[in-house]
Amino acid sequence: SIPYLVGLLHEAINAVDRRSHGLEARELCKGLSKLSVANDNKYKIFSEGKLLDSLLNMLEQHGNNQEQICACTLIWNLCFDQNVRKVYIDHQKLNQILTTIAQTSSNDELRRTASGCLCTLMGGPTTTTKKTSSSSSTAATTTTGNKNVMISYNHDVQLLSKQIKDHLAADGYNVWIDLESMHGNILDAMSDAIENSTIFLICLTEKYKDSPSCRLECEYAYQRKKLIIPLLLQANYKPDGWLGIIVGSKLYINYAKKPFETAYAETRTELQAALNRIEKKPTVPPSKKPAPPPQPSSTINETTTTISNAPSGALVHLLSQFRMDKASGPMPISLKNLEKMSVTDTQRLLADNGLEKFMSIFLDIDGIKLVKLFEIKNKAPQCYYILIKDQWDQMNQAKEQNRDTASPTRMLKASTSMAQFLQLTVALDKLADRISMN
Numbered sequence: 032s033i034p035y036l037v038g039l040l041h042e043a044i045n046a047v048d049r050r051s052h053g054l055e056a057r058e059l060c061k062g063l064s065k066l067s068v069a070n071d072n073k074y075k076i077f078s079e080g081k082l083l084d085s086l087l088n089m090l091e092q093h094g095n096n097q098e099q100i101c102a103c104t105l106i107w108n109l110c111f112d113q114n115v116r117k118v119y120i121d122h123q124k125l126n127q128i129l130t131t132i133a134q135t136s137s138n139d140e141l142r143r144t145a146s147g148c149l150c151t152l153m154g155g156p157t158t159t160t161k162k163t164s165s166s167s168s169t170a171a172t173t174t175t176g177n178k179n180v181m182i183s184y185n186h187d188v189q190l191l192s193k194q195i196k197d198h199l200a201a202d203g204y205n206v207w208i209d210l211e212s213m214h215g216n217i218l219d220a221m222s223d224a225i226e227n228s229t230i231f232l233i234c235l236t237e238k239y240k241d242s243p244s245c246r247l248e249c250e251y252a253y254q255r256k257k258l259i260i261p262l263l264l265q266a267n268y269k270p271d272g273w274l275g276i277i278v279g280s281k282l283y284i285n286y287a288k289k290p291f292e293t294a295y296a297e298t299r300t301e302l303q304a305a306l307n308r309i310e311k312k313p314t315v316p317p318s319k320k321p322a323p324p325p326q327p328s329s330t331i332n333e334t335t336t337t338i339s340n341a342p343s344g345a346l347v348h349l350l351s352q353f354r355m356d357k358a359s360g361p362m363p364i365s366l367k368n369l370e371k372m373s374v375t376d377t378q379r380l381l382a383d384n385g386l387e388k389f390m391s392i393f394l395d396i397d398g399i400k401l402v403k404l405f406e407i408k409n410k411a412p413q414c415y416y417i418l419i420k421d422q423w424d425q426m427n428q429a430k431e432q433n434r435d436t437a438s439p440t441r442m443l444k445a446s447t448s449m450a451q452f453l454q455l456t457v458a459l460d461k462l463a464d465r466i467s468m469n
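Heads up: the sequence shown runs through residues 32 to 469, numbered per the numbering used here.
Below you can see the structure in the form of structure tokens.
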């Protein structure tokens with residue numbers, strides 16, 4: 032439990048060997064840092080009375096950079112809770128120690144961590160950068176032909192992130208990545224990069240979510256309303272917590288599952304689509320000849336890929352095809368009548384509402400379960416769309432595994448899959464609109 036770990040940390044920092052039950056102080060602090068990533072745990076950890084004294088002790092271990100880094104990281108994570116910030120910002124000794132470390136430490140990692148901790152403690156880059164961000168941000172997002180891209184990543188995927196950067200640079204994009212760009216005032220460099228970038232690429236991994244440095248970058252980009260494109264670099268990872276909130280229902284480009292060239296082609300397509308939206312130009316895939324808009328498939332058997340494979344340029348066209356006028360829709364369905372429906376009745380209702388091609392997703396669904404599904408849609412739309420996408424992916428998984436990923440018809444099939452997925456979601460939305468949840 033949290034009180035137990037904080038107690039062990041207190042024992043460790045008072046022991047000659049700085050251990051408790053065989054665990055070093057920095058190991059215990061790392062464990063608390065991992066727990067503190069969850070928003071619900073931040074205030075619980077902060078509220079433990081012995082914690083701050085233990086952390087101050089660790090920060091003052093000038094010959095032990097690793098202990099200092101661990102203490103800074105835990106404080107940094109806690110400071111993303113505004114109630115914690117309100118207390119720590121008025122703690123004179125804590126601020127003095129962090130400022131001294133940030134200004135004088137010869138250890139780069141320690142200095143960066145202390146600087147980031149202070150930045151979050153003071154409320155984020157908007158209050159610490161020297162210049163206002165409005166002018167630079169405006170220039171970055173309105174200049175015609177602007178192709179400035181920032182890649183935000185954790186160092187566990189540094190090699191793959193650099194590979195993406197190199198390909199983007201070769202394609203004419205101006206890419207900011209901290210491998211080459213971090214020198215001088217790191218926070219100023221980070222905030223300037225975000226403010227002057229048009230597109231913000233997030234390399235999604237679990238360690239990215241756990242990193243306070245990545246959170247600071249990502250939340251600032253979100254605050255500055257940058258166009259965010261998520262790249263999934265860790266297999267089977269689903270963002271949750273603060274990262275899940277920022278990414279929301281955006282479609283991931285899956286580098287963990289697909290060949291690099293395939294995923295990169297999708298990245299380039301999405302980047303061009305985003306830039307065209309900014310410049311209010313029609314979206315054209317990055318090929319020599321514009322491809323015709325994809326048409327919806329007539330059979331579910333042709334659905335052979337997940338929605339993240341589809342070219343984003345087709346999205347507006349497809350939505351315009353499938354979105355219908357609600358004013359001419361059928362009569363409402365009462366909640367009481369829906370709850371009385373058997374599996375057979377529910378299957379008939381789904382088929383009558385344009386979902387006959389997707390019945391395999393709704394096996395064993397009766398009226399009560401359908402009501403629950405739409406309650407999730409109303410109360411937690413992000414979870415609802417993730418649930419639908421998961422069912423969609425499972426339906427296509429067998430054919431996905433057997434497909435030749437290098438097939439020249441892959442992009443056409445992807446477009447068809449996007450068309451059918453939109454048919455599914457729009458039909459469900461229309462059915463949900465018919466149901467009175469009162």
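Glycine residues also receive a C-beta, built at the ideal position from the N, C-alpha and C atoms.
Member of the options whose CA lies at the smallest distance from the CA of residue i
{"i": "Ala458", "options": "Tyr268, Glu248, Met390", "result": "Met390"}
{"i": "Phe77", "options": "His93, Ile100, Leu109, Glu91", "result": "Leu109"}
{"i": "Met372", "options": "Gly398, Asp209, Ile364, Lys388", "result": "Gly398"}
{"i": "Gly94", "options": "Ile132, Phe291, Pro290", "result": "Ile132"}
{"i": "Phe291", "options": "Val115, Leu190, Arg57", "result": "Leu190"}
{"i": "Ile392", "options": "Ile260, Thr456, Ser365", "result": "Thr456"}
{"i": "Ile309", "options": "Tyr253, Thr229, Leu264, Ala224", "result": "Thr229"}
{"i": "Leu453", "options": "Asn126, Arg49, Cys101, Ile419", "result": "Ile419"}
{"i": "Glu248", "options": "Ile33, Leu54, Val47, Ile233", "result": "Ile233"}
{"i": "Gln451", "options": "Leu394, Val402, Glu387, Ala224", "result": "Glu387"}
{"i": "Leu262", "options": "Tyr251, Lys281, Tyr253", "result": "Lys281"}
{"i": "Ile396", "options": "Asn88, Glu370, Thr300", "result": "Glu370"}
{"i": "Tyr286", "options": "Tyr239, Gln254, Leu235", "result": "Leu235"}
{"i": "Leu125", "options": "Asn138, Arg255, Leu86, Arg143", "result": "Leu86"}
{"i": "Gly471", "options": "Lys117, Leu141, Ile182", "result": "Only positions 32 to 469 of the chain appear in the structure, and residue 471 is not among them; the question remains open."}
{"i": "Gln194", "options": "Val278, Asn70, Thr298", "result": "Thr298"}
{"i": "Ile284", "options": "Ile277, Asp421, Ile276, Leu264", "result": "Leu264"}
Residues near residue i by beta carbon distance below 6 Å, same chain, minus five either side
{"i": "Lys257", "result": "Phe231"}
{"i": "Leu462", "result": "Asn384"}
{"i": "Tyr243", "result": "Note that residue 243 is Pro in the sequence shown, not Tyr. Hits under 6 Å: Trp107, Asn108."}
{"i": "His41", "result": "Lys81, Ser85"}
{"i": "Tyr239", "result": "Asn185, Cys245"}
First and last residue of the uninterrupted beta strand (DSSP E) at residue i
{"i": "Val180", "result": "179-183"}
{"i": "Cys234", "result": "230-235"}
{"i": "Val206", "result": "205-207"}
{"i": "Pro261", "result": "258-263"}
Local Cβ density within 10 Å of residue i, reported as buried at 16 or more and exposed below that
{"i": "Val180", "result": "buried"}
{"i": "Gln123", "result": "exposed"}
{"i": "Lys196", "result": "buried"}
{"i": "Arg470", "result": "In the structure displayed, the chain extends from 32 to 469; residue 470 sits before or after that span and is not available."}
{"i": "His52", "result": "exposed"}
{"i": "Ala201", "result": "exposed"}
{"i": "Val47", "result": "exposed"}
{"i": "Ile44", "result": "buried"}
{"i": "Glu406", "result": "exposed"}
{"i": "Ala224", "result": "buried"}
{"i": "Lys289", "result": "buried"}
{"i": "Asn427", "result": "buried"}
{"i": "Ile208", "result": "buried"}
{"i": "Thr173", "result": "Because Thr173 sits at a pLDDT of 35, beneath the cut-off of 50, its placement in the model cannot be relied upon, and the point is left open."}
Cβ shell of residue i (< 8 Å), same chain only, five flanking positions each side left out
{"i": "Leu129", "result": "Leu90, Cys103, Ile106, Ala145, Cys148, Leu149, Leu152"}
{"i": "Tyr204", "result": "Lys178, Asn179, Val180, Leu302"}
{"i": "Lys65", "result": "Asp241"}
{"i": "Arg50", "result": "Ala43, Ala56"}
{"i": "Leu141", "result": "Asn96, Gln99, Ile100, Cys103, Ile132"}
{"i": "Ile120", "result": "Asn126, Leu152, Met153"}
{"i": "Val374", "result": "Asp395, Ile396, Asp397"}
Span of the alpha helix (DSSP H), counted from its first residue to its last, around residue i
{"i": "Cys60", "result": "56-67"}
{"i": "Val402", "result": "398-410"}
{"i": "Val278", "result": "272-278"}
{"i": "Asn108", "result": "96-109"}
{"i": "Ile195", "result": "189-201"}
{"i": "Gly147", "result": "139-152"}
{"i": "Ser85", "result": "82-90"}
{"i": "His41", "result": "33-44"}
{"i": "Asp376", "result": "374-381"}
{"i": "Asn227", "result": "Premise fails: Asn227 is in no alpha helix (DSSP H) and is neither H nor E."}
Same chain, Cβ closer than 7 Å to residue i, five either side skipped, listed in chain order
{"i": "Asn553", "result": "Since the displayed the chain opens at 32 and closes at 469, residue 553 lies outside it and no answer follows."}
{"i": "Arg246", "result": "Phe111, Trp273"}
{"i": "His186", "result": "none"}
{"i": "Gln92", "result": "Glu98, Gln99"}
{"i": "Thr377", "result": "Ile396, Asp397, Gly398, Leu401"}
{"i": "Ala266", "result": "Ala287, Lys288"}
Open item on the list: Does the structure place the region 79-98 close enough to the region 34-44 that three or more beta carbon pairs sit under 8 Å?
Closed with: By the Cβ criterion, the region 34-44 is in contact with the region 79-98, since at least three pairs of Cβ atoms, one from each stretch, lie closer than 8 Å.
Open item on the list: Quick check: the region 292-303 against the region 269-277, are at least 3 beta-carbon pairs closer than 8 Å?
Closed with: no
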